[in-house]
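Contents: one structure, followed by commentary.
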Amino acid sequence: MRLVAIGISHHTAPVELREKLAMAPERMPAVLEALRSDGVGREGLVLSTCNRVELYAVPEPSVGPDRLAEWLADRAGTALRTVDSHLYRYQEQEALRHVFRVVSSLDSMVVGEPQIVGQVRDAYRLAQTHHAVGPVLHQVMDKALQVAKRVRNETDIGREAVSVGRAGVELARQVLGSLDGRAALLIGAGAHGKLVSRALLDYGLGELVVANRTFQRAVELANRFGGSAVHMDDLTRYLERVDIVIASTAAGQQIISRADVAPVTKRRRYRSLVMIDLSVPRNIAVDVDELEGVYRFDIDDLMQIAEAGKEKRQLAAESAERIVMEEVRACWDVLEGELVARGIKRLTQHGEALRVSELAKNEALLAKLDPKDRDSIEAMTRALLKKLLHEPLGYVRKSAAEGRGDRVEEIVAALVGRANDEREDE
Amino acid sequence: MHAVLLVLAMVAYALPVAARLVGRPLRHHNAIVLGGLALHLGGLLALWIANGAILVSSLTEGLASVALLVACGTLPFLRQPRMSVVTDSLLACATLLLLAASGAHGVKSTAAEMPLWFLVLHVSLIFVGLAGFAISFCLSLLFLALRRRLKRKELQGLQDLPALDTIDALNFRAMVAGFVTISAGALIGGVWAWLHEFRFDVTVWATLLVWLWYAVGLQGRVIGGWRGRFAALFGVVGFAGVAFVLATLGAMFGGWHGMGA
Numbered sequence: 001m002r003l004v005a006i007g008i009s010h011h012t013a014p015v016e017l018r019e020k021l022a023m024a025p026e027r028m029p030a031v032l033e034a035l036r037s038d039g040v041g042r043e044g045l046v047l048s049t050c051n052r053v054e055l056y057a058v059p060e061p062s063v064g065p066d067r068l069a070e071w072l073a074d075r076a077g078t079a080l081r082t083v084d085s086h087l088y089r090y091q092e093q094e095a096l097r098h099v100f101r102v103v104s105s106l107d108s109m110v111v112g113e114p115q116i117v118g119q120v121r122d123a124y125r126l127a128q129t130h131h132a133v134g135p136v137l138h139q140v141m142d143k144a145l146q147v148a149k150r151v152r153n154e155t156d157i158g159r160e161a162v163s164v165g166r167a168g169v170e171l172a173r174q175v176l177g178s179l180d181g182r183a184a185l186l187i188g189a190g191a192h193g194k195l196v197s198r199a200l201l202d203y204g205l206g207e208l209v210v211a212n213r214t215f216q217r218a219v220e221l222a223n224r225f226g227g228s229a230v231h232m233d234d235l236t237r238y239l240e241r242v243d244i245v246i247a248s249t250a251a252g253q254q255i256i257s258r259a260d261v262a263p264v265t266k267r268r269r270y271r272s273l274v275m276i277d278l279s280v281p282r283n284i285a286v287d288v289d290e291l292e293g294v295y296r297f298d299i300d301d302l303m304q305i306a307e308a309g310k311e312k313r314q315l316a317a318e319s320a321e322r323i324v325m326e327e328v329r330a331c332w333d334v335l336e337g338e339l340v341a342r343g344i345k346r347l348t349q350h351g352e353a354l355r356v357s358e359l360a361k362n363e364a365l366l367a368k369l370d371p372k373d374r375d376s377i378e379a380m381t382r383a384l385l386k387k388l389l390h391e392p393l394g395y396v397r398k399s400a401a402e403g404r405g406d407r408v409e410e411i412v413a414a415l416v417g418r419a420n421d422e423r424e425d426e
Numbered sequence: 427m428h429a430v431l432l433v434l435a436m437v438a439y440a441l442p443v444a445a446r447l448v449g450r451p452l453r454h455h456n457a458i459v460l461g462g463l464a465l466h467l468g469g470l471l472a473l474w475i476a477n478g479a480i481l482v483s484s485l486t487e488g489l490a491s492v493a494l495l496v497a498c499g500t501l502p503f504l505r506q507p508r509m510s511v512v513t514d515s516l517l518a519c520a521t522l523l524l525l526a527a528s529g530a531h532g533v534k535s536t537a538a539e540m541p542l543w544f545l546v547l548h549v550s551l552i553f554v555g556l557a558g559f560a561i562s563f564c565l566s567l568l569f570l571a572l573r574r575r576l577k578r579k580e581l582q583g584l585q586d587l588p589a590l591d592t593i594d595a596l597n598f599r600a601m602v603a604g605f606v607t608i609s610a611g612a613l614i615g616g617v618w619a620w621l622h623e624f625r626f627d628v629t630v631w632a633t634l635l636v637w638l639w640y641a642v643g644l645q646g647r648v649i650g651g652w653r654g655r656f657a658a659l660f661g662v663v664g665f666a667g668v669a670f671v672l673a674t675l676g677a678m679f680g681g682w683h684g685m686g687a
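In the order they appear, the protein sequences are chains A and B.
Counting in the numbering used here, the first sequence runs from 1 upward without gaps.
Counting in the numbering used here, the second sequence runs from 427 upward without gaps.
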């Protein structure tokens, strides 16, 4: 088996590079489709959040991690060389461990934050809908979600987490002081945007205005938060009124430019304006930060705030890491066991099919024999098949026992051939 | 006696500042500050007793009095942990003013003709005004430093510092307080001089310039919204000008209104 995890995250690259690989949800079906049609992977799942873009895949035997990385960059519409040094490539048990760590929020910007589970679940569902996951990724993702639940139940990792919402509040308060009576504009319906808005309201925010590409969605969100909905065309007008802007959309492009904000700052009489851009790719132009009274922060800045409680979470994270390692070993054994079982089944089925086919070819001759002789010949072919398969099956079992499960596919492919494999799978 | 007390006060002010600079919080921070204030007040009283009069017109006393007022500016913040950086910066300013006061000793000028109560009122208001500008100067520097960190996204440890808008609002209040009191003090002195023998000396010109500078800054803020960095720059440049004038007065003109020594 070859399980591969390739990606880029807040650990390896700043947001300006992550956004080059980011994939909007509406593009995901085509990407998953292309994984198979481009002949790079048998199974695949793409996770694209503001902190990471990752591909979990079972590649075709001839495809290496570098080719997968190239394919991923190509699909994101960027040159591999621009992100290559920031990409990590994990294989086999390391890949499995990485997936478990990601889903358990051990690799998150804010260790222990719960949003990642929902994001992974969504990506998994999407991949299932488009038939991009097979037996291996099913097993891996189901187990990963179970491990995340176990980590949350058995450690205090979630308790010490400084949420993204809280980090947003801290940044706003660092500029504005008290949030009492302040007004905020939420653009988009992204998960992090909603979290920050909820946290701001909990800390005394006076008014929330919601803008969304779909006005009906803005109305729904506004009703949920007790705010008001506005059309996207009115954004500039509201920039003059509010104290905080939170952008959290999947637009994949800039929504607010420096030219939008520059005239507003003067009309605001240089009152402080906090702009929190949680989108990747970013929705608010980076250079608005150069304007007087404007303080723009992105998801990486929130990470700095979240780092504050890191030491406290470290202890919980250590216990969580032990659980992850334990689960990785157990899951890997199961995956390899299943792989060996599938290999053995394929070999025996292949042999049996050959035996039956050869008997069928000689059906006319065999029909002339009496039943006793026919039974003897059948028994002889079975015994012959058993003896022929004895050595290969023994080798497969031995390889698996020695932890060389990766060779099983190779052996089966050599004996049976890819074409037969696929036919048998069907 | 008074010199010893003032030096001890200076040490008490400098301790929390040094502790912050080396990154070790002082265990009895507030007690030390309050002790410093008591020593400072005691030093001024001892000085007056030693001189047999309230000589508010000497540069030494003037700077020591402004230093005391600046140090008193820490009192509202002593129980607010996030404002400790404001407290410590005001203490640093008070330390420097006391140091300057010790260097300016001997320079003394008295408008002998002015009745004592009139003189005390005039000079006290000027001192309160100068203290307001000194506090505004400290807050302006803090604002610029914090703004720089926010713009550069150096966000670690910010949770121990006050909000940017809080510093800006305090800066505005300090500047207004300084401007109003220095205006009142200058007006009282000006009226008395007008009625007796008014003459434009260096102090009058300098006061007018400083007054004009802050008047423009405050007007800009109220009318044009020059808050934040604009206000902070006004605060820094304004007090730098005040400090230059005070140093020049002491070194070249022998004290207030050039009538000393």
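All C-beta atoms, glycine included, are put in the ideal place defined by N, C-alpha and C.
Just so you know, these numbers come straight off a predicted model, no measurement behind them.
Nearest CB-CB separation between Gly-469/B and chain A: not below the 8 angstroms threshold. Counting C-beta pairs closer than 8 angstroms gives fewer than three between the stretch 467 to 478 of chain B and the stretch 451 to 459 of chain B, which falls short of the contact rule. By the beta-carbon neighbour count (other beta carbons within 10 angstroms, threshold 16), Glu-623/B is exposed. In summary, the residues of the stretch 565 to 597 of chain B whose CB is separated from some CB of chain A by less than 7 angstroms are Leu-576, Lys-577, Lys-579, Leu-581, Gln-582, Leu-584, Gln-585, Ala-589, Leu-590, Asp-591, Thr-592, in the order they occur in the chain. A distance below 8 angstroms separates the beta carbons of Arg-269/A and Gly-651/B. Close CB contacts of Ala-95/A within its chain, under the 6 angstroms cut and outside five residues either way in sequence, are with Leu-3, Val-4, Ala-5 (chain order). Apart from the 5 residues on each side of it in sequence, Gln-115/A sits with its Cβ closer than 6 angstroms to the Cβ of Ala-191 in its chain, given in chain order. Proximity of the stretch 14 to 33 of chain A to the stretch 44 to 55 of chain A meets the contact definition, three or more beta-carbon pairs being nearer than 8 angstroms. With contacts defined as CB atoms closer than 8 angstroms, Ile-187/A and Ala-316/A fail to qualify as a contacting pair.
In the displayed model, Ala-285/A falls within coil according to three-state DSSP, outside both helix and strand. In the three-state reduction of the DSSP assignment, Val-245/A falls in the strand class, which pools E and B. Ile-187/A carries a strand assignment under DSSP once its states are collapsed to helix, strand and coil. In the same chain as Leu-568/B, and ignoring 5 residues on each side of it, the C-beta atoms closer than 7 angstroms to its own belong to Val-511, Val-512, Ser-515, Ile-593, in chain order. It is roughly 8 angstroms from the alpha-carbon of Phe-598/B to the alpha-carbon of Ser-562/B. The C-beta distance from Ala-24/A to Gly-41/A rounds to 21 angstroms, too long to meet the 8 angstroms contact threshold. Shown here, Val-230/A sits in a strand according to DSSP, grouped into three states. For the stretch 283 to 302 of chain A, the set of positions with a beta-carbon nearer than 7 angstroms to some beta-carbon of chain B reads Asp-289, Glu-292, Gly-293, Tyr-295, Asp-301 in chain order.
The alpha helix (DSSP H) runs lying completely inside the stretch 252 to 300 of chain A and spanning 4 residues or more are 258 to 267, given in chain order. Apart from the 5 residues on each side of it in sequence, Val-210/A sits with its Cβ closer than 6 angstroms to the Cβ of Leu-186, Ala-218, Leu-221, Ala-222, Gly-227, Ala-229 in its chain, given in chain order. Counting only residues of its own chain and dropping the five nearest sequence neighbours on each side, Leu-495/B has a CB closer than 7 angstroms to the CB of Phe-553, Val-554, Ala-557. Here the alpha carbon of Leu-384/A sits roughly 14 angstroms from the alpha carbon of Pro-392/A.
For Pro-25/A, no alpha helix (DSSP H) segment is defined, and its DSSP state is neither H nor E. For Gly-499/B, the closest of Met-436/B, Cys-564/B, Arg-446/B, Val-437/B by C-alpha to C-alpha distance is Cys-564/B.
The beta-carbon of Arg-599/B is placed no less than 8 angstroms from the nearest beta-carbon of chain A. Distance from the Cα of Pro-281/A is smallest, within the candidate group Glu-327/A, Val-175/A, Val-53/A, for Val-53/A. For Arg-625/B, there is no enclosing alpha helix (DSSP H), since its DSSP letter is neither H nor E. As the crow flies, the alpha-carbon of Ala-476/B is around 13 angstroms from that of Val-430/B.
Look at Gln-91/A here: in three-state DSSP terms it is strand. No residue range can be given for Leu-504/B, since it is assigned to no alpha helix (DSSP H) and is classified by DSSP as neither H nor E. For the stretch 162 to 191 of chain A, the residues whose beta carbon sits under 7 angstroms from a beta carbon of chain B are, in order, Glu-170, Arg-173, Gln-174, Val-175, Leu-176, Gly-177.
Nearest to Arg-382/A by C-alpha distance, out of Arg-407/A, His-231/A, Gln-349/A, Leu-369/A, is Gln-349/A.
Its chain contains Ile-6, Gly-7, Gly-44, Val-46, Leu-68, Leu-72 as the residues whose beta carbon lies nearer than 7 angstroms to that of Leu-55/A, once the 5 sequence neighbours on both sides are disregarded; these appear in chain order. Residue-level contact check: Arg-655/B touches chain A, since one or more beta carbons of chain A fall below 8 angstroms from its beta carbon.
With its beta carbon at least 8 angstroms from every one in chain A, Gly-449/B lies outside the interface. If you draw a straight line from the Cα of Leu-359/A to the Cα of Lys-398/A, it is about 32 angstroms long.
Not flagged as an interface residue toward chain A: Gly-646/B, since no C-beta distance is shorter than 8 angstroms.
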